[in-house]
Structure formats: structure tokens, C-alpha cells
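Trainee:
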Amino acid sequence: MSALEFDAVSVRYGRLTAVDGVSLTVPSGQVVGLVGESGSGKSTLARAAAGLAPVSAGRVRLDGVDVRRLPRRRPLQMVFQDPYSSLDPRMAIGESIAEAMPRGAGRRAEVARLLELVNLDPDRADMLPGRLSGGQRQRVALARALAGRPKVLIADEITSALDVSVQGAVLNLVRDVQRRLALSMLFISHNLAVVRYVSDVVAVMYLGRIVEAGPAAQVLTDPQHPYTRDLLAAAPSAHRSLLDDTGDDPLADTEPADPHHPPSGCRYHPRCPIGPLAHPDRTVCVTTDPAGEAAGRSHSAACHFAAGHPTRRSA
Amino acid sequence: MTTAAAPARLRGGPWPAFAARRLTRFAVSLWALVTAAFLMIHLVPGDPVRAALGMTAPADLVRAKRLELGLDDPLWVQYGHYLRGLVTGDLGTSMASGQPVTQVIGDRLPATLQLAVPAFAVVVAVAIPVGLTFAVLTRGGRRRGSELAFTSVSAFLAAVPEFLVAVALVALLAVGLGWFPVAGGDGASAYVLPVAALATGPSAVLARIVRVELLSVLGADFVRTARAKRLPARLVYVRHALPNALTATLTLGGLMLTGMVAGTVLVENVFAWPGLGSTIVQSILQKDYPLVQGIVLVYGVGVLLVNLLVDVVLGLLDPRSAIREA
Amino acid sequence: MARRGTWAAALRTPVGACSAVLLALVVVLAALAPLLWGEGAAAIDTDAIGQGPSGAHPFGTDSLGRDLLLRTLVATRLSVGLAVLATAIGAGTGVVLGTLPSVLPRRVGRLLTAVVDIAVAFPGLLLALFLAVIFGVGTHGAVLAIGFATAPAFARLVQTLSASVSGRDFVAAARIAGVGRIRLLARHVLPNIGEPLVVNATIGAGSALLAFAGLSFLGIGVQAPDYDWGRLLREGLDGIYVTPVAALAPAAAVVLAGLAFNLVGETVAAVVGVRTHATRRGAPPLPAAPSAPGEPPADAVLVVENLRVAFPGPSGWTVPVRGVSFSVRAGEAIGVVGESGSGKSLTALAVSRLVEAPGLVTADRLEFAGKALAEASDRELGTALAMVFQDPMTSFNPARRVGGQLAEVSEQHHGLSRRQAFARAVDRLAAVRVPAPERRARQYPHEFSGGMRQRAMIGMGLMGRPKLIVADEPTTALDVTVQRQVLRLLARTREAEGAAILLISHDIAVVAQTCERMLVMYAGRIVEDLPSGAAAQHPYTRALLATTVDLDTDRDRPLEVIPGRPPEPGQVPEGCAFAARCPLASDRCRAEDPVLEPAGDGHRVACWHPQVTVLSGQSQEEGAA
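See below:
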């Protein structure tokens, strides 16, 4: 049983707060999908869990133990976005995998077993990564992550550098391995459809905060936060025309906010279709941060008017 | 109430912060230079005064000289004296000639500048047009022949150090053809060979840099955009490509310019030019430490000023550079 | 893999071979010359003092009557040896200084970096002079001085290289895997910077040789009775009027040896960096194109017949676009979909006349607005053909204001004054909904967000009256919400201006959403041309649709996959390029290339076994969500 817990985690780089007080739990054996646009801090959150980004406030715990206190070979491994930069070009893939294993005999056999697990020919262990395609490299990266016998796996945009025809095979493999080994997994992607396919729980991130989180089926069919609804509406789909839903709405062209200078109150208010732009009387969005009361709302939505209904009038 | 929507990145110029940062760096480097120059005399193994005056010098002369230089005081007291002297323009006296170091520098510096400044002008005037021309001619793997000719000739010129160019020029044009004086001399003809010797290598280096930078800019997306606008080729190169190549050129060119400061040392020695370069070599050989210290400072400050200048020009040329450092 | 052979490959180039021979000669001389001629070079001959060149002494003699040719040859060992020694000191110190910051505590590391930063600003010769004062005049002093003077530059190089390696994900992965700092440095960082370091050390040895000659020439380096080239040069310069060759012989030796090191290093650097293989030229292969061109519609703005784009490569021409035919009617929106390497972007560039030499574009027919594209004037293309590129970050000139970049279109093609053109630019920015266009026009591109830049790019196309907008992956670099804005803007622009759109995308959903018709490309060919709503007939199109994950994908089933991968542009097989991955492939598919032929209303397909039945896997019921 191993749950990964983020407890009010913040990550700051100089004046930029990339992650701002995020609390999120990846329950044991489940897949939590984290979705958001570039600059929302989702990758930074993952890197914080892996010890690659400095946690300036809060705590990341694995089974109740602060990840900073974990042994050097931690039971938490990560697969990265770019398959061309995530393998050492000068190291045979078998050696890259073996390096992540705990010391002990039988490495060679274990490497072969892992390569087989990710559907690669074990004879390829001596190859340099230069001879592999992007999809094959991503499988090697997965094998290397598994070599560390992780309890938690973090997958950071693992298919966004791949062509569609390859993406499917990698997603199938990750899902299969996760189920077979009962891993807990944090699955990060900007692609809502991919997150939906893989995850049990979905969390939506915006400007360093989680604005909505809940069981995947519920969040995607009954989104509470207007940003989640916008994401759903914007997801390209062959079955919907572009110009269907909205007419000439001035809100449609609003700009994403600058993460260096996050807006006051609710961070989404300058773009929000149900916020002060559309309803001038909703000043509470500009003045009050909705995060405070989020825990009490459905899907922990950080919105004063979640699902269109005001949750608290006295602002 | 929607003012927060305005991107906040538009507030206040980054210039003051940029200037402050750059000046701080200049100050720190200057301090490091001064301290290094001060320590130099103390890092010389043994007694610098004994080394300078020779083994046969009488002991009381050595003692008197040590006293005069203040070498018997504690190190930090000497450091204080040294800094105070610097501020008041006192760099000590030459052990060889007894003249104040500032006076020697004042006498010799103009001769060096008279070499370095024209040489720099020649480098810029030659290298940028040549580099631009060859970049345009050989872009996208065209005209392999011209490319090979340019790269091999410029590589050769760039690799030959100033003093060898100088020797070759002397042998050919002064001794062989008798067109120019071998060394010394007055009038414009005396400048031709030293300036040519000093400018040849850097011109070749800079022309190569201009070409390489321009080639990489010519492959950039925004040049494709400019071509998609169907602008005339002249505008694409001069208005869109060149300014973007100049940023990198200047950065590398600055390094090269500081290299020219050092190049004067060698060239002056070939031509017996009465500048700082021949003086520093003499004073090193004579172990005239106060004078070496003073000239090292002058050269060092020259290098730092060139670097500062390059950075400021870069900041002016490239709207992003000041921000990029933030 | 190919890395092992880079040195060998470098030595096979003409320059590389020459410099390698030169370097070998220098090394042999350094080893043997003192043994063979050491005594002869030291023999004093009082009868032949200061002579010019003669039969007995080809380069003349010095002030003690010693033979200068022999002395120059014998001096090779000391000159080269000292240079190599100094380089070893410099490179060794540099590697230590450069790697320490990543192992030491952070503050100490920063201090070290700052010191290197300051030192690297000073030219090597100045540092060497400074250090020569401390280490004392003479051979030892000069070796140490030059060695330590080159150390900061090496340290900086090591820092830069290892910083770029350390930033890559495999180092992060190794850290997570529990690999310690020292092992990380030894196993991952150093091997990946080793090659450039060795190359730079080789070049550095050449520079050290020259620097050493300089110091000896100044009298600060090697002292009599020892002699290296620099010393010989200094002695020769004194008598340059009498025997110029006495100065020129050592000078030539220094230059040749210096060049040998430099050139060997630089050729290898070039091969490592750019891989400039010699490209074989000749006529590109133009195999007969299987196409069945019909007469293009009367209102076509773009007619393309049998378009091919070829590039010269190391082993002959590669042809990434192999005979593409289609036409775009006025006001029509057409999408081109395909995976990376399918030739879709090159097709877009070719129909916009933006493929530059050495790329070669040929077509049986390539017409824009009723006129051969090759003959269209810059003004026509500049005003009637708009382009939108993939990366809004790099597609604007970073050094010029956005307004000016738009305005120059009208200055150039409409003859407007600068002020009028700028006013039009502001107006166009407003038309693409850039807020506060007057102020924005005076800003630089880096002050724009990605989506706004892409809108400004569309605005740039609207400076004229475009008949066709070619948009090459215009939203790939953008977030979904911004992607929707940009796609809508394109659609609105098309409506308002009556412009046709050619939208290139890897995302079949984006194309289906925006365009009436899509061309599916595979391995440089169009394999299917179908109306957006129609059922796909080509197995590749169907597979692409099936593999696309969208919000309606069944979570309980594994995703569809296409086995194998597309052929490399150089190695397209006989027959249908998709045959190797196609579940329906027959012997005919592997032998005969199918032609793009009409297959129903506005539908063309290049397949021997087109599928006419509707796919059942794609359930439409959930679409209402």
C-alpha cells in the first residue's frame, strides 16, 4: 500500500511561484491524471515529488514518509516527455536499466525480464539508444523506471513527443504495467482525452493551483470549475465543429495570465465566462481567493460559483 | 475591475536593473583585478626586491628599498596603502628608472592606443562586409568552391599569430621590397605594417564569426517569414538577418577585441614600438615589479571596459538581452 | 553509434587528411630530430658565422655558425613538447575547475564559477604574462603560465558543456534512480562531453604552441642555451636584413605545426557538430508518378499536379514529397494530415515557393490564382498568399517591433508610406482581435503571448487580400484553449476575406473540425482525399482515426495501434508504402504502387483494397457528452 501525498506543496523559482500550495493524493494502486496548460506547474509538481525541484513549502509524503528522507534509491520513479533526451546516448540501454536496479546478482536476467515486460527484444540490451525509434525509447525509459522497483510511477507527458500511431502502443503498455504491478501513478498530460483514458482520478491545474479534482468519470461528465468546462469544450474532436457552441463572445479571445503576476482573488477570473467579465456583480472573484473553501465543494472546486451556483454569498 | 487582465510584464523598463547588475559585475571584476595585481608582487617566490636588484646588491640597499616599497608592513596595511595610492593616482615608482609608474604609463599609453584603435577600425571595416558577402554567397550549401576558399584562407590567417604576421610582413614588404620602415620611423608609413599585423588575424576571425552567425540566422524561422512576405533579398539580409547576427557577433567580437589588446604586446616588440607592450616585457625581464603591476592594471582595465562596452551595446541592439538576464 | 567513426570520417575529408599527415610529421620530427641531428645542430662553426642560405646550409647559419635548418628541426621536440605539456596542465585544471561546482556545496561552487567568469574575460596572453611574473622567467615558468592561462577557458567550456548535459532528462532519471553525484559525473556527464573536450584540447595545443613561441620570442620563455622556435625566431629577427630566412624558417615551422593541431581539431569538430558529409549531386531521380489528374475546377486558387520535392543527401537524392496532386478552390478550407516525415510541411512550403536551394521542387503543374507559381511576382505572392508557421516564438524577428514587421508588407507591395503602413498594421492587428493594437504594434514579439503572436502572424497575412492562407501546424505549439481561439480566427478570416485555407496538421481532429476536405499524406504521397464527414476508405486513414484518442474513446478497451513505423524518406519500398503495416496488404500491394483515383463524390483514394463499409468501432452515441 503506497499513497503519494502532496500536502500544501509550493515550489518557487526566484519570484516565480510555479506551484502554489497544492494538496493532492495519489491513492495506492490508482492512476491520478493531472491536466493543465503549459506553465500551469504540473510538471514542476512532478519534479518536486521526484526530488528534482526544490519544495519551498509543504511536504510530499510517500506512505507518510517525507520524500526528502527516503533512501537514495527511492521507490518512486519517473518517465519523461522527450524520449530523445531521457536516455544517455553513450550508454547501452541494458546498462541504463541496470543502473537503476538495487545492487545484487542477476542483473542481466533482470534486464532481460524488464525488456520483455515492455515488449522489447531482450537481445537489444547492448544497443545504444541512437538505434531505437521514439516509441521504443519510451519503452526503455519505462523499463528503467520499473528497474528501481517503484511503488509510485510518475509519467510526465510521456506521449506528447510521439506520433499518434505510436502513442497508443505506449499508453496501452503503461496502463497494462500499472495494473499488473498495482503501481500508484501520477499521469501528467496537457491532453484531456489521454488523461481521461488512463486515469481513475482527474485533477485540473491552473496557474500553480489545483482548481478541481475528483473521480475521472465525474469530473469529465459533470465539471464544477469553469476552467475544466473550457478545457473540455476546447478539446479537438472530429465530431464537433469549431463554431458550434459560442458565437462572437469577447471572452473567447482572452489571454492566459502571466504566471509571474498571478491575478488577485480567483486566478481564473480574467478569463472566466461566469466570472466578473460576464457578471459585473461577482466582485468576490476579484477580491477573494476561492481556494479557502474549496474542500467543502463538490470536486474540491476552487470556484465561488462552482457549477454555476454560488456556494457562499457572504463575501 | 478587469484591469488585472492587462499583462503585468509591461511595467517599468528593465534598463535600470540591467545597468545596476552590469555595473556591479564591473566593480567586482575591477576589485578582483586590483587585488590580483597587488598580490602578484607577494606571490613572487623569495624576496622581490632581492630578485630585482640582483644577488650582488648590498644588503642595506635592499633593506632601504623594501622600506621604501613598504614591504615590511603587514599585508593588509600594504593593501590599504596600495588602494589609497590607486585612488590618488599613485602607482609607485619604477625600480629601474626611478620614474613614477603613472608617468611611464602616461608616456607609453598613447603609442599603444595609436596602434590599437586604427587596427580595430580596420577589423570592423573589413570583417563585416566580407563575412556578410560570403554568408550570402554560400548559404544553404551553395558554391562549395567559394566556401572552401573562404574557410581555408580565413582559417589560415586566423591561426597565424600577430607576431608571425608581423615578421612575415617585415621580411616581405620592409626588407624584401623596402616599401616600409622595418621599425620605428615617423609618419603614416610607420603605421601600416604594425596595424596590418595587428588587424589581420582578428579580421579573419571576425569575418568567420559573421559568416557562421549569419548562416545560422538565415536558417531561422523569422527569415522564412520575411521571405514569405516576399521582401526583396536585400531587405531580408540587411534588415532581418544582419541585426540578429550582430548580437552574437558582438559577444564573440568582444572577446576578440580584448585579444587585440594583448596582441599589441607582441606587435610592439617586433616593431620596437615605444608603447606599453614593449615596456611591460622589458620590465618583466628587469623584474621591475611596480611597473609590471601598473601596466597589468592598465591592460586589465582596458579589457574590462571593452567588455562593459560590448554588453551595453548588446543591450541597446537586442531588446531581449537586458531582460534575458533577469 | 556513428560517433566512433567521426575521427576517421574527419580524416577522410581533404583538409582533415592533409592536417593529419602534417600532424604525424610534426610528431615524428619531435621524436626523432634531436636523436638524428642534435649534435649537428649544436656544432659551432666559426668559419660560417651569420651566413645566408647556401648549399651546405640551406637556411644559413646563426651568429655562432650553427646550421639553422637543423636547429629548426631539432627545436620541434621542445616546442611541441612544451605546448602539449602546457595544454595538459590547462585542460586538466580546467576539467577540475569546471566539474567541481557540480560536486562541491552550492555556495563554494558558485564562488568558483564567478572566479572563472572573471578570469575568462582576460585574454590568455595577458594572463600568461601575469603568471610569468609570478612563476619567473624561464621554461618552467612559461609552461605553468601558459597552462594556467588556458585553464579558465577550458573550465568555462566544461561548465557550459556539462550544464547542457546535466539539463537533459537522462541525468534527472539517473538521479531519481539513486545514482550518486560522483558516478553521475563519471558515467553520464564526462563521457558525453569527452569528445568536444578532446577536440578543443587539440585546437588548444595548437594555440599553446603559438603562445609559447610568443613568450619565447619576447624572451620570457625558453632561455639559452635551450632553444625552441620562438627563440630561433627572436634571434633571426635581429638579423632580418642580412638573412630573412633565418626568421622565416622557424616562423614557418610554428605556423605549420600550429595549423596541424588546429585543423585536425576543427575538422573533427565540424564532423561532430554539423556532419557535413560530402553530398553527391547529379540529377534527382524522378520516377514516373502514378497519378490520374483530372481537370481542376474552374475557380481553383491553387492547382498542384505531380509535385515533388527532393534534397541532396549523403547517398544521393532523397525525395520526401513524391508526386502530390490536388487543387484548392476559392474560399475552400482543406486540411493536410499525416505523421511526422509524411512530407506535409514540405508540401506547404513548396506550394508557397519557399523551398530554398539545395532543395529542388518540380511539378507538372503548379499554379496559384490561375498563373504558374514560378512566374508570379513577389507583389502578387506577398499580398495574395498568406503564411502562418508552426512556432510563433521563432517566426517573428525578435529584434524588430511587431507593427513594423506587419507594416513592411504594405510598404513593399502597396507603396504605402511608413506612417500609412503602420496605421494599416494597427488596423489589421485590431482585425485579428489583438487588444490595444496601437500599443501592441509598438512592442517586440517577446512581449506577446504565443496565441497573440499567432494572431499577429495571421494579421500579417491580412495586410494584403489573401486568396489563400497556408497554415503549417499553426496551433501545435499552443494550449488547447488558445488553439481553439486561433482556429476560430482562421475560420472567421476565411469567411470575412473569402480566402481559401490550406491547414497542415498532425491532428486529424483539428483538421476534421476546421476543414471541409482533408488530404491524408503518407510517406510523401497523398493516400486519400476525402470530405471531412465522409467515411474513410484507405486503411491508413482508418487506422489514424482509430488510434486517435478523444473524449469518447472506450476506456475499457486497449487503444488501437498501427504496427511498425513509416519508411524513411530514402527507403520507400516498391509498391504501396503502407503495405508493410497494412492488415489488408496483398502481393499486389507490395509490387504495384496504387494510384490516387476517384472513389465516389469528391473522394479520391490510393489503395488496391479500399474499405467502403462504415467502421463500427467508432461509436457515435457518446458524442453528445
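Residue numbers (my numbering), protein chains in the order written: chain Z, 682 to 996; chain S, -13 to 312; chain E, 289 to 913. Built from N, CA and C at the ideal position, the CB exists for glycine as well.
#1: Skipping 5 residues on each side, what residues in its chain have a beta carbon closer than 6 Å to that of S/ARG197?
#2: Between Z/VAL965, Z/LEU705 and Z/ILE774, which has its C-alpha nearest Z/GLY739's C-alpha?
#3: Which runs of the beta strand (DSSP E) fall wholly inside the stretch 695 to 754 of chain Z and span at least 3 residues, in chain order?
#4: Quick one: is E/PRO882 buried, meaning 16 or more other Cβ sit within 10 Å of its Cβ, or exposed?
#5: Could you have a look at E/THR349 and say whether DSSP puts it in helix, strand or coil?
#6: If the criterion is Cβ atoms closer than 9 Å, does the pair E/PRO762 and E/GLN678 meet it?
#7: So, is the C-beta of E/SER793 closer than 9 Å to a C-beta in chain S?
#8: Here's a check: name, in chain order, each residue in its chain whose Cβ is nearer than 6 Å to the Cβ of E/ALA919, leaving out the five neighbours to either side.
#9: Use the C-beta contact count for E/HIS794: other C-beta atoms within 10 angstroms, 16 or more gives buried, fewer gives exposed.
#10: With DSSP collapsed to three states, give me the class of Z/ASN800.
#11: Closest Cβ-Cβ distance between E/THR769 and chain Z: below 9 Å?
#12: Touching or not, the stretch 480 to 495 of chain E and the stretch 344 to 359 of chain E, by the rule of three or more beta carbon pairs under 8 Å?
#13: Closer than 8 Å between beta carbons: that is the criterion. Which residues of the stretch 835 to 853 of chain E meet it against chain Z?
#14: Counting only runs that start and end within the stretch 891 to 973 of chain Z, where is the alpha helix (DSSP H) found for 4 or more residues in a row?
#15: Tell me where the beta strand (DSSP E) around E/THR606 begins and ends.
#16: Would you say S/PRO260 faces chain E, with C-beta separation under 9 Å as the test?
#17: For E/ILE814 and E/GLY619, what's the separation of their Cα atoms in angstroms?
#18: Can you name the residues of chain Z whose CB is closer than 8 Å to the CB of E/MET740?
#19: Of all the options E/VAL612, E/PRO484 and E/ARG805, which has the alpha carbon lying nearest to the alpha carbon of E/VAL649?
#20: Here's a check: name, in chain order, each residue in its chain whose Cβ is nearer than 8 Å to the Cβ of E/LEU413, leaving out the five neighbours to either side.
#21: List the residues of chain Z whose Cβ lies closer than 7 Å to the Cβ of E/PHE458, in chain order.
#22: Hey, quick one: how far does the alpha helix (DSSP H) through S/GLU254 stretch, first residue to last?
#23: Counting C-beta neighbours from all protein chains within 10 Å, is the total for S/GLY288 16 or more, i.e. buried, or is it exposed?
#24: List, in order along the chain, the chain S residues whose C-beta lies closer than 9 Å to that of E/PHE684?
#25: Please classify E/GLN771 as buried or exposed, where buried requires at least 16 neighbouring CB atoms within 10 angstroms.
#26: Are the C-beta atoms of E/ARG727 and some chain Z residue less than 9 Å apart?
#27: How long is the line joining the alpha carbons of Z/PRO803 and E/SER450, rounded to whole angstroms?
#28: Would DSSP call E/GLU483 helix, strand or coil?
#29: Starting from the beta carbon of E/GLY623, find every residue of chain Z whose beta carbon is closer than 9 Å, and list them in chain order.
#30: Which of the residues in the stretch 950 to 977 of chain Z, read from start to end, lie with their CB under 7 Å from any CB of chain E?
#31: For a contact meaning CB atoms closer than 8 Å, what does S/TYR285 contact in chain E?
#32: Who are the Cβ neighbours of E/THR841 in its own chain at under 8 Å, not counting the five residues just before and after it?
#33: Thinking just about the alpha-carbon of each residue, which of E/SER705, E/ASP889, E/ALA887 and E/PRO898 is nearest to the one in E/ALA867?
#34: Taking only beta-carbon positions, decide if E/GLY328 is within less than 9 Å of chain S.
#35: Taking S/MET26 as the query, report the chain E residues whose CB atoms sit under 7 Å from its CB, ordered along the chain.
#36: Find the residues of chain Z that neighbour E/GLU627, judging by a C-beta separation of less than 9 Å, and give them in chain order.
Mentor: Taking the definition as stated:
#1: Taking the second sequence and counting its residues from 1, one reaches residue 197 of chain S at position 211. The beta carbon of S/ARG197 sits closer than 6 Å to those of GLY117, PHE120 and ALA121, all from its chain and outside the five residues before and after it, given in chain order.
#2: Taking the first residue of the first sequence as 1, we reach residue 739 of chain Z at position 58. Nearest to Z/GLY739 by C-alpha distance, out of Z/VAL965, Z/LEU705 and Z/ILE774, is Z/LEU705.
#3: Within the stretch 695 to 754 of chain Z, the complete beta strand (DSSP E) runs of at least 3 residues are 697 to 707, 712 to 716 and 738 to 743.
#4: Sequence index remark: in the third sequence, residue 882 of chain E carries index 594 (1-based). Residue burial annotation: E/PRO882 is buried, with at least 16 other C-beta atoms found within 10 angstroms of its C-beta.
#5: Reading the third sequence from its first residue, position 61 is the one you call residue 349 of chain E. It is a strand residue.
#6: For this step, residue 762 of chain E is matched to residue 474 along the third sequence. For this step, residue 678 of chain E is matched to residue 390 along the third sequence. Yes; because the gap between Cβ atoms is below 9 Å, this pair is in contact.
#7: Position 505 of the third sequence, counting from 1, holds the residue named residue 793 of chain E. Residue contact check for E/SER793 against chain S: no CB pair falls below 9 Å.
#8: As shown, chain E starts at 289 and ends at 913. That puts residue 919 of chain E outside it, with no answer to give.
#9: Locating residue 794 of chain E in the third sequence gives position 506, where the first residue counts as 1. With at least 16 other beta carbons inside 10 angstroms of its own, E/HIS794 counts as buried.
#10: Taking the first residue of the first sequence as position 1, residue 800 of chain Z is located at position 119. The three-state secondary structure of Z/ASN800, taken from DSSP, is coil.
#11: On the third sequence, position 481 is the one that residue 769 of chain E refers to. Yes, contact with chain Z.
#12: No: the two stretches stay apart, fewer than three of their Cβ pairs being nearer than 8 Å.
#13: Listed in sequence order: THR835, THR836, VAL837, ASP838, LEU839, ASP840, THR841, ARG843, PRO846, LEU847, GLU848, VAL849, ILE850 and ARG853.
#14: Entirely contained in the stretch 891 to 973 of chain Z, the alpha helix (DSSP H) runs reaching 4 residues are, in chain order, 897 to 902, 907 to 915 and 965 to 968.
#15: Locating residue 606 of chain E in the third sequence gives position 318, counting from the first residue. Counting along the chain, the beta strand (DSSP E) containing E/THR606 begins and ends at 604 to 617.
#16: Within the second sequence, residue 260 of chain S is the residue found at index 274, counting from 1. No, S/PRO260 lies away from the interface with chain E (no Cβ there is under 9 Å from its Cβ).
#17: As a position in the third sequence, residue 814 of chain E is number 526, starting the count at 1. As a position in the third sequence, residue 619 of chain E is number 331, starting the count at 1. Each residue's alpha carbon lies about 22 Å from the other.
#18: Along the third sequence, read from residue 1 onward, the residue named residue 740 of chain E stands at position 452. Within chain Z, the residues near E/MET740 are GLU936.
#19: Your numbering for residue 649 of chain E matches position 361 in the third sequence. Comparing Cα-Cα distances from E/VAL649 to each of E/VAL612, E/PRO484 and E/ARG805, the minimum goes to E/VAL612.
#20: Within the third sequence, numbered from 1, the residue matching residue 413 of chain E stands at position 125. Contacts found: ALA437, ALA499 and GLY502.
#21: Working through the third sequence from its first residue, we reach residue 458 of chain E at position 170. Neighbours of E/PHE458 in chain Z, taken as residues at a C-beta separation under 7 Å, are given in chain order as SER766, SER767, LEU768 and ASP769.
#22: As a first step, residue 254 of chain S must be located in the second sequence, where it is residue number 268. Residues 228 to 256.
#23: Sequence index remark: in the second sequence, residue 288 of chain S carries index 302 (1-based). Buried is the call here.
#24: On the third sequence, residue 684 of chain E is found 396 positions in, with the first residue counted as 1. Chain-order list of chain S residues neighbouring E/PHE684: ASP207, PHE208 and THR211, by C-beta distance under 9 Å.
#25: Numbered from 1 along the third sequence, position 483 holds the residue referred to as residue 771 of chain E. That one is buried.
#26: For this step, residue 727 of chain E is matched to residue 439 along the third sequence. For E/ARG727, no Cβ of chain Z is located within less than 9 Å of the residue's own Cβ.
#27: By 1-based counting over the first sequence, the position of residue 803 of chain Z is 122. By 1-based counting over the third sequence, the position of residue 450 of chain E is 162. If I take the Cα positions, the gap works out to 32 Å.
#28: Along the third sequence, read from residue 1 onward, the residue named residue 483 of chain E stands at position 195. E/GLU483: helix per DSSP, three-state reduction.
#29: One-based indexing of the third sequence puts residue 623 of chain E at position 335. Neighbourhood of E/GLY623 in chain Z, by CB distance below 9 Å: empty, with the nearest CB roughly 11 Å away.
#30: Close to chain E, meaning a Cβ-Cβ distance shorter than 7 Å, is no residue of the stretch 950 to 977 of chain Z at all.
#31: If you number the second sequence from 1, residue 285 of chain S lands on position 299. Within chain E, the residues near S/TYR285 are LEU414.
#32: For this step, residue 841 of chain E is matched to residue 553 along the third sequence. Around E/THR841: LEU847.
#33: The residue you call residue 867 of chain E lines up with position 579 of the third sequence. That would be E/PRO898, whose Cα lies nearest to the Cα of E/ALA867.
#34: Taking the first residue of the third sequence as 1, we reach residue 328 of chain E at position 40. With its beta carbon at least 9 Å from every one in chain S, E/GLY328 lies outside the interface.
#35: Numbered from its first residue, the second sequence carries residue 26 of chain S at position 40. Within chain E, the residues placing a beta-carbon under 7 Å from that of S/MET26 are PHE418, VAL421 and ILE422, ordered along the chain.
#36: Within the third sequence, numbered from 1, the residue matching residue 627 of chain E stands at position 339. Close to E/GLU627, with beta-carbon spacing below 9 Å, are these residues of chain Z in chain order: ASP844, VAL845, SER846 and VAL847.
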